[in-house]
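I have placed the structure first, in the form of structure tokens, so that the comments after it can refer back to it.
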Amino acid sequence: MVLESTDKSVSESDLNRWDRDHSWHPFSQMEEYLGFPPIHIESGRGCWLTDTEGRHYLDATASIWTNVHGHNDVDLHAAIRQQLDKVAHSTMLGLSHPVGTRLARKLVELAPGDLNRAFFSDTGANAVEIALKMSLQYWQLQKRPQKTRIIGLRDSYHGDTVATMAVGDSQTFHRRFRPWFFDTIKCPRPDCEEWNGQLRHADARWSLHILGKLLEKQSGKVAAVILEPSVMGAAGMHLHPPGFLKQAAELCRCHSVHLILDEIFVGFGRTGPMLVCASEGVTPDFLCLAKGLSAGYLPLAATLVREDIYQTFLGPFESFRAFFHGHTFTGNPLGAAVSLASIQKLEPMISSGAIAAKTRRFGQCIAERFENHPNASAIRQRGLCAAIDLVAERDPPNPFPVPDRFGIQVMLHARRHGLLLRPIHDTLLLVPPLSISEEEIDTLIDRTAEALDAALTERAQRP
Ligand SMILES: Cc1ncc(COP(=O)(O)O)c(C=O)c1O
Numbered sequence: 347m348v349l350e351s352t353d354k355s356v357s358e359s360d361l362n363r364w365d366r367d368h369s370w371h372p373f374s375q376m377e378e379y380l381g382f383p384p385i386h387i388e389s390g391r392g393c394w395l396t397d398t399e400g401r402h403y404l405d406a407t408a409s410i411w412t413n414v415h416g417h418n419d420v421d422l423h424a425a426i427r428q429q430l431d432k433v434a435h436s437t438m439l440g441l442s443h444p445v446g447t448r449l450a451r452k453l454v455e456l457a458p459g460d461l462n463r464a465f466f467s468d469t470g471a472n473a474v475e476i477a478l479k480m481s482l483q484y485w486q487l488q489k490r491p492q493k494t495r496i497i498g499l500r501d502s503y504h505g506d507t508v509a510t511m512a513v514g515d516s517q518t519f520h521r522r523f524r525p526w527f528f529d530t531i532k533c534p535r536p537d538c539e540e541w542n543g544q545l546r547h548a549d550a551r552w553s554l555h556i557l558g559k560l561l562e563k564q565s566g567k568v569a570a571v572i573l574e575p576s577v578m579g580a581a582g583m584h585l586h587p588p589g590f591l592k593q594a595a596e597l598c599r600c601h602s603v604h605l606i607l608d609e610i611f612v613g614f615g616r617t618g619p620m621l622v623c624a625s626e627g628v629t630p631d632f633l634c635l636a637k638g639l640s641a642g643y644l645p646l647a648a649t650l651v652r653e654d655i656y657q658t659f660l661g662p663f664e665s666f667r668a669f670f671h672g673h674t675f676t677g678n679p680l681g682a683a684v685s686l687a688s689i690q691k692l693e694p695m696i697s698s699g700a701i702a703a704k705t706r707r708f709g710q711c712i713a714e715r716f717e718n719h720p721n722a723s724a725i726r727q728r729g730l731c732a733a734i735d736l737v738a739e740r741d742p743p744n745p746f747p748v749p750d751r752f753g754i755q756v757m758l759h760a761r762r763h764g765l766l767l768r769p770i771h772d773t774l775l776l777v778p779p780l781s782i783s784e785e786e787i788d789t790l791i792d793r794t795a796e797a798l799d800a801a802l803t804e805r806a807q808r809p
């Protein structure tokens, strides 16, 4: 039998036509997408992806912020194959499997304090939904059902399901659905600029002041505060000043409000440490993990929970205290196997200082190329993630007109230079796999600068 997925008689043009006729891509204006030269990525090795026409691209999005050890990693493949030879999927509903149990134990070991329980799911948004629902149920079980409100930060992003949209604040993406959101409270986010290892500006006073006031007045009605610690990725890599998390956590603790940390983007070495909360000495009530957890291989997410919260849900069945929530692929064994292998490989990369060395090179290259660039109005970089805000003029800052889609133009030029980027509006985001070499970092930054210059030249030549 010739398998559909490998059938060589299907041509490049068939694929392009089928994609055009039958696919609907995420976060895409399809009318715009259909105008782009089509790309079908067929294979990958290390930090490089190859399309069906044999063109190579450096993966500067880490396949949407997930990839840790590169594509086609032999150790991760071995872990998946070994598991595949045993069983591809078996439910965690009323059963366990060895890799799920081992991963739960490993995550608890990595996590700070008494974050002692792992509840698995399959996407970041679901990991957050689970934390929200557990928090709300916890307060009901504690006979404080009036604690129902959630405080989130302005510009935050926690996913695209209805509850995660409600607690987030992605205006462009989510405003159409606002009538269906439950009531949440938004607090200003702190301000911080940092790149090349230097903190240039940091101000968390207003944000902490408002958070303190909100909690002082309303903590009796607030179930939880939710934060993306350190870096707010989808907002455009907005950074939190050092110490902000600790102070925010202290406010939550003083006012008996849960702290939910969404480390879906920042966890697993992206900003340096394995877990941001552990490195900042903060134990949240719930910790949401996904993306880098399974190294960009398979959909797996986890919500870690403090032991006393877990204990509150215990009782005889007829007390109906159980947490009635689950997803079909919760804790999938292949995902758990690859996550365990990835963490095992990542630990020495962090402890040896290898990631810190790459981060220094990344920061230096970005500073050299963009610090004085006339079209870069701001840079934010921490660990192996960075954002560069692009403007038509820098002083005074003058944005590109929205219909120009300048960020997208840079993305298209980058593809011609063998680089896959994904901007948010006119902010370029650079998020390579953590396995990127120092030479590849140079290539990444060179190609980004070339693509930007090419897009600027094209714009200048337009009548
Ligand atoms: C901080 C954060 N939380 C949640 C999510 C949602 O994750 P998923 O796309 O797996 O649902 C994302 C995705 O980018 C994210 O960056």
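Per my numbering, the sequence shown runs over residues 347 to 809. Where a beta carbon is used, it is the ideal one built from N, C-alpha and C, also for glycine. Note that the structure is a prediction, hence the values are computed from the model and not measured.
key: In chain order, each beta strand (DSSP E) run of at least 3 residues that lies wholly inside the region 445 to 520   = 461 to 467, 495 to 499
Query raised in the report: Among residues of its own chain, excluding the 5 on either side of residue 408, which ones have a beta-carbon nearer than 7 Å to its beta-carbon?
Result: 642, 777, 778, 779
Practice prompt. Could you pull out every residue in the same chain whose Cβ sits closer than 6 Å to the Cβ of residue 640, ignoring the five residues on either side in sequence?
Written response: 646, 681, 684, 685
- May I have the straight-line CA-CA distance separating residue 673 from residue 655, to the nearest angstrom? 21 Å
request  = Can you check DSSP and say which residues form a bridge with residue 389?
outcome  = 396
Distance check for residue 767 and residue 374, CA to CA, integer angstroms please. 15 Å
_Rounded straight-line distance, which links the Cα of residue 521 to that of residue 746_ = 23 Å
| request: Could you name the residues that DSSP lists as bridge partners for residue 358? | output: DSSP lists no partner for residue 358.
- Item | For residue 571, the three-state DSSP class (helix, strand or coil) | Correct three-state label for residue 571: strand.
- Task: Pull up the CB-CB distance for residue 418 and residue 390, whole angstroms please, since I reckon it's below 8 Å.
- Result: 6 Å
Between which two residues does the beta strand (DSSP E) holding residue 643 run? No beta strand (DSSP E) holds residue 643; DSSP gives it neither H nor E.
Taking DSSP's pairing of strands, which residues face residue 549 in a bridge? For residue 549, the pairing in a beta bridge is given by DSSP as 537.
Item checked: Short Cβ contact (8 Å threshold) for residue 608 with residue 556 -> Contact flag unset, no.
With a cut-off of 8 Å, do at least 3 Cβ pairs link the region 485 to 503 to the region 468 to 476? no
Classification of residue 781 by the beta-carbon crowding that lies within 10 angstroms, buried from 16 upward: buried
- May I ask you to report which of helix, strand or coil DSSP gives residue 739? Strand at residue 739.
* Measure the beta-carbon distance from residue 292 to residue 603 and round it to whole angstroms, keeping in mind my assumption that it falls under 8 Å. => There is simply no residue 292 to check, as the chain begins at 347 and stops at 809 in what is shown.
Exercise. Report the three-state DSSP secondary structure of residue 726 (helix, strand or coil).
Key: DSSP places residue 726 in strand when its eight states are reduced to three.
Cross-strand partners of residue 403 (DSSP beta bridge)
395
Open item on the list: Can you list, in chain order, the residues of its chain with a C-beta nearer than 7 Å to that of residue 705? Leave out the 5 residues immediately preceding and following it.
Closed with: 618, 729, 730
Less than 7 Å between the CB of residue 520 and some heavy atom of ligand 1, yes or no?
no
- Between the C-alpha atoms of residue 667 and residue 533, what's the straight-line distance to the nearest angstrom? 32 Å
Next on the checklist: Under 8 Å, with one C-beta from each stretch per pair, do the region 534 to 547 and the region 700 to 715 reach the 3-pair mark?
Outcome noted: Enough Cβ pairs lie closer than 8 Å, so yes.
Would you call the region 546 to 561 and the region 586 to 594 touching, i.e. three or more CB-CB distances under 8 Å? Segment contact: the region 546 to 561 against the region 586 to 594, three or more CB-CB distances shorter than 8 Å; contact assigned.
Could you tell me if residue 615 is buried or exposed, where buried requires 16 or more neighbouring beta carbons within 10 angstroms of its beta carbon?
-> buried
Q. What does DSSP give as the partner residues of residue 578 in its beta bridges?
A. Beta-bridge partners of residue 578 (DSSP): 584.
Notebook entry, point to check: residue 544 by DSSP, collapsed to three states: which one?
Noted result: strand
Q | Start-to-end residues for the beta strand (DSSP E) that takes in residue 773 | A | 773 to 776
Checklist entry - Would residue 611 pass as a contact of residue 664 if the rule is Cβ separation under 8 Å? => result no
### Query
Does the Cβ of residue 708 lie closer than 7 Å to at least one heavy atom of ligand 1?
Incorrect: residue 708 has no Cβ contact closer than 7 Å to ligand 1.
- Query: By Cβ distance below 6 Å, which residues in the same chain neighbour residue 387 in space, the five residues on each side in sequence not counted?
  - Reply: 395, 397
- Since residue 421 is in the alpha helix (DSSP H), which residue starts that stretch and which ends it? 420 to 430
Outcome for residue 676 when other beta-carbon atoms lying within 10 angstroms are tallied against a minimum of 16 | buried
Three CB pairs or more closer than 8 Å across the region 348 to 363 and the region 742 to 762: no
Measuring alpha carbon to alpha carbon, tell me which residue in 470, 495, 468, 471 is nearest residue 481. 495
Residues near residue 627 in its chain [Cβ-Cβ closer than 8 Å; skip 5 each side]
458, 592
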